[in-house]
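In the numbering used here, the protein residues as written are 3 to 197.
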Amino acid sequence: MGINFNKAEFILSAVQPGAFLRDGRPQVAFAGRSNVGKSSVINRLLNRKNFARVGATPGKTTQVNYFLIDGRIYFTDLPGYGYAKVSKEERDRWGRLMENYFQEQGLITLGVLIVDARHKPTADDVTMCTWFKESGCPLIVVANKLDKLKKNEIEPNLQRIWDTLELPDTAALIPFSAEKGIGKTELLSAIEQLC
Ligand SMILES: Nc1nc2c(ncn2[C@@H]2O[C@H](COP(=O)(O)OP(=O)(O)OP(=O)(O)O)[C@@H](O)[C@H]2O)c(=O)[nH]1
């Protein structure tokens, strides 16, 4: 039977390396640059308004949040990166947490990397993508804020994202708008299929 994405509950925040949840349920790890709309994407997928935090102080989330979906799979919300005003200390803390997270073998069932459809992926996006690729999990890249693109910009921008991230043939790139709901059905069915 299909996963009921309307049935979601917040489980816990892991702030310490080594405190990551591991109970055998599949985990879908969401990552993305600060302000790319990661909370909005998660909220859209779960049909919620203020479930995952939206628009709070960027870059202040050095914690890994877990949401249990329908008692069956986890959405793992990784802390955003690339916010210019973050202190070196905070950045180092983020780096340690992520290093530990990606070192844990077999933790991630599926990686969802959210990038901005308007821009060339940043060096941080490329690094995050490499971590996902090296972890060996299937990878979906979500090009969010599609509603902000003109029609003729869509194709070249998607190609630029694909090329910059050097995506393998096995990856999927889904054009998305958390604002308008574009791409939601496609992303949810990809998640169901891969979990
Ligand atoms: N036009 C448009 N705006 C969006 C879209 N998705 C998110 N936004 C806006 O982008 C801003 C950032 O969204 P958030 O969901 O808070 O982004 P985040 O990546 O979770 O940010 P952090 O909490 O800093 O990690 C908000 O003002 C959202 O309303 C989209 O698809 N289209």
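Even glycine gets a Cβ: it sits at the ideal position worked out from N, Cα and C.
For the beta strand (DSSP E) that residue i lies in, which residues bound it at each end?
i    : result
I13  : A10 to A16
Q195 : Element bounds for Q195: not the beta strand (DSSP E) but the alpha helix (DSSP H), K186 to L196.
V128 : It is not in any beta strand (DSSP E) - V128 instead sits in the alpha helix (DSSP H) that spans A125 to S137.
D79  : I75 to D79
Q29  : Q29 to G34
D118 : L112 to D118
N146 : L141 to N146
W69  : The sequence shown places Phe at residue 69, rather than the Trp named in the question. Segment V66 to I71, the beta strand (DSSP E) holding F69.
L175 : A174 to P177
Taking the alpha helix (DSSP H) that residue i falls in, what are its first and last residues?
i    : result
N154 : K153 to T166
L47  : K40 to L47
K90  : K90 to Q105
Tell me, to the nearest whole angstrom, how far the beta carbon of residue i is from that of residue j; I am working on the premise that it is less than 8 Å.
i    : j    : result
F2   : I44  : Only positions 3 to 197 of the chain appear in the structure, and residue 2 is not among them; the question remains open.
I71  : F7   : 6 Å
Y83  : S36  : 6 Å
D149 : I184 : 7 Å
I176 : S137 : Not confirmed; about 19 Å, so no contact.
C139 : L112 : 6 Å
L220 : L169 : Since the first and last residues shown for the chain are 3 and 197, residue 220 lies out of range.
R27  : R93  : Their Cβ separation, rounded to whole angstroms, is 31 Å, which puts R27 and R93 out of contact at 8 Å.
T232 : V30  : Within the shown structure, residues of the chain are numbered from 3 to 197, placing residue 232 beyond reach of any answer.
Just to confirm, does residue i get its C-beta within under 7 Å of one of the non-hydrogen atoms of ligand 3?
i    : result
K147 : This structure lacks ligand 3; its bound ligands are ligand 1.
Stretch-stretch touch, CB-based, cutoff 8 Å, three pairs: the segment 136 to 146 with the segment 109 to 127: Under the Cβ criterion (8 Å, minimum of three pairs), the segment 136 to 146 counts as touching the segment 109 to 127.
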